[in-house]
Each structure stands twice: as C-alpha cells, then as structure tokens.
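Asks: Take a look at the following structure, please.
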Amino acid sequence: GYWDAATDTLHENEALNNTNGRTDVEGCCFWGRGALLTRGTCNYGKLNFYIGAQAAAQGRSSMYPDIDFCTNPGAICDDDSMETRYVVGMFEWIDRVQG
2 GYWDAATDTL
12 HENEALNNTN
22 GRTDVEGCCF
32 WGRGALLTRG
42 TCNYGKLNFY
52 IGAQAAAQGR
62 SSMYPDIDFC
72 TNPGAICDDD
82 SMETRYVVGM
92 FEWIDRVQG
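Letter by letter, the sequence shown follows residues 2 to 100 in my numbering.
This is how it looks when you write it as structure tokens:
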C-alpha cells in the first residue's frame, strides 16, 4: 500500500508504481539495511567475503560464519541486540572512508 499525498488517500491493497511503471519487487532484495543503510549487491558481497559465510567457507576468520549476507541481506536486522547492524555499519564506513 501507499499514501497518495496528491489526493490525500490511503491505498491499502495496491502497489505504488515506480518511475518505470513497475509494481513488482523483482531484483529489489538489496534495499538499505543497518546503521548506514547498506545496499547493493557489491556491498553485500564484500560483507559476505570478509565477515560472513563466504569467509568461513574459504577458511578465513569470520565474525558471522553462519550468515550468508548475499542470500539473506535481512540478517543484518535480525539480531535483537543490534550488534550486527553496527558491525556492518562500521565495516561499510571503513570501506567507504578508508577504501
């Protein structure tokens, strides 16, 4: 659903078209998550490579060896303690600033 500000109406059972007229969510599983709104397949791939399941699978040290950030990007927000959100935020900040 969505709120139509032009008509001041709530549309509960219909999707809002994007700029291309699409209403599906195909290919949109990489929306921003975590403290810095990590998004994009490349950023999730880096997370997985350095601190996720891919690091563990390749025999490297991993903070989250059981989390595959590529197949489950929502795992960033699944942690009730919020640790994962902030670790991912710090990882991305270091990558953006120092990378």
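Ideal placement from N, C-alpha and C gives every residue a C-beta, glycine not left out.
Keep in mind that this is a model prediction, so the values were computed, not measured.
If you follow the alpha helix (DSSP H) that D5 is part of, which residue opens it and which one closes it?
Replies: It is not in any alpha helix (DSSP H) - D5 instead sits in the beta strand (DSSP E) that spans Y3 to D5.
Asks: I believe G46 touches C71 by the beta-carbon criterion, under 8 Å. Please report the beta-carbon distance rounded to the nearest angstrom.
Replies: Yes, G46 and C71 are in contact; Cβ-Cβ is about 6 Å, under 8 Å.
Asks: With H, G and I counted as helix, E and B as strand and the rest as coil, what does DSSP make of L38?
Replies: Here L38 sits in coil by DSSP.
Asks: Can you look up T10 in the DSSP assignment and give me helix, strand or coil?
Replies: Residue state, collapsed to three classes: strand.
Asks: From D69, I52 and I68, pick the residue whose C-alpha is nearest to that of S62; which is it?
Replies: Per the Cα distances, I52.
Asks: Could you tell me the distance, in whole angstroms, from the CA atom of A58 to the CA atom of Y3?
Replies: Roughly 41 Å separates the two Cα atoms.
Asks: Is it the case that the CB of P66 approaches a heavy atom of the ligand FMN more closely than 7 Å?
Replies: Although the ligand FMN was asked about, the structure shown includes no ligands whatsoever.
Asks: Check whether the Cβ atoms of D69 and A56 sit closer than 8 Å, and answer yes or no.
Replies: Contact: no.
Asks: Could you compute how far the alpha carbon of E13 sits from the alpha carbon of R40?
Replies: Taking the straight line from one Cα to the other gives about 27 Å.
Asks: With H, G and I counted as helix, E and B as strand and the rest as coil, what does DSSP make of Q104?
Replies: The structure shown has nothing for residue 104, since the chain only spans 2 to 100.
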